[in-house]
């Protein structure tokens with residue numbers, strides 16, 4: 028669970044840090060440090076709302092089992108897979124033009140008679156999207172990890188702290204990393220995480236009797252239990268299960284192979300004019 032939480036938190040946290048770093052660097056270059064406050068206000072509102080959504084969803088899925096909870100958990104897994112896949116491909120497509128898009132939005136905001144409300148909105152939209160995504164992923168990981176908060180919390184904290192340090196370095200101009208290569212590696216890893224969450228969703232549907240397992244390819248419960256130390260890490264990180272059904276394996280292949288091929292192809296696509304607000 029630590030590894031999965033770390034990867035997701037690092038990926039989401041770095042995108043937030045990167046965009047905020049671009050915003051603050053550009054404003055500093057314009058000698059407009061007086062506009063930093065609206066950015067922090069927008070960021071704080073988005074973080075607070077993300078935490079609130081996370082708490083509401085956790086209360087709905089945590090605690091004692093209740094009728095229909097398994098449906099909600101399955102829906103959360105599917106939503107996490109969908110959002111994770113979308114944001115991975117979105118970043119690949121829009122990251123090259125991100126600087127210009129953000130700078131264009133800032134210029135428009137500063138021209139509006141000194142009104143900084145658009146800067147608040149810019150920061151809010153930037154972070155709320157990533158915040159809600161992070162909440163959904165961590166909730167899905169938490170469900171499968173049986174609420175192991177120590178592992179989940181430590182992985183999330185380390186990931187966010189590392190992302191923050193990288194973002195601070197980018198703002199200060201002392202850290203230069205190949206963001207294209209970084210997001211390519213992270214994208215491939217997160218596709219694997221998403222495939223693991225998809226296996227978990229299929230497992231929930233099998234338990235509900237909505238789909239049939241057909242047969243089981245192996246049963247390693249006595250050798251590498253998914254609730255053990257090593258098995259638990261593999262389960263949280265790549266969706267390893269000690270009893271894999273044919274249905275789960277086929278759906279895993281149907282998602283994984285096309286996703287990896289599409290993500291790693293080198294075909295160039297037109298850039299979005301203002302990806303910061305997409």
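Residue numbers (this note's numbering): 28 to 305.
Quick reminder that beta carbons are idealized off the backbone N, C-alpha and C, glycines included.
What you are looking at is a predicted structure, and each value in this text was computed from that prediction instead of being measured.
{"Check": "Using only CA atoms, which one of 71, 219, 217 and 234 lies nearest to residue 146?", "Outcome": "71"}
{"Check": "What are the boundary residues of the alpha helix (DSSP H) that residue 282 is part of?", "Outcome": "273-291"}
{"Check": "Where residue 186 and residue 105 are concerned, what is the direct C-alpha to C-alpha distance, given to the nearest angstrom?", "Outcome": "23 Å"}
{"Check": "Compute the Euclidean distance between the alpha carbons of residue 148 and residue 155, then round it to the nearest angstrom.", "Outcome": "10 Å"}
{"Check": "Is residue 98 helix, strand or coil when you go by DSSP?", "Outcome": "helix"}
{"Check": "Could you say which of 237, 218 and 253 lies nearest to residue 280 if we only look at CA atoms?", "Outcome": "218"}
{"Check": "Let's see if you can read the secondary structure: which residues bound the beta strand (DSSP E) around residue 237?", "Outcome": "Segment: none, residue 237 is in no beta strand (DSSP E) and carries neither H nor E."}
{"Check": "Within a Cβ cutoff of 6 Å, which residues of the same chain sit near residue 36, ignoring the five residues on either side of it in sequence?", "Outcome": "183, 186 and 187"}
{"Check": "Nearest to residue 240 by CA position, among 137, 54, 229 and 129, is which residue?", "Outcome": "229"}
{"Check": "Would a C-beta distance cut-off of 8 Å place residue 100 and residue 231 closer than the cut-off?", "Outcome": "yes"}
{"Check": "Residue 227 to residue 165, Cα distance in whole Å?", "Outcome": "14 Å"}
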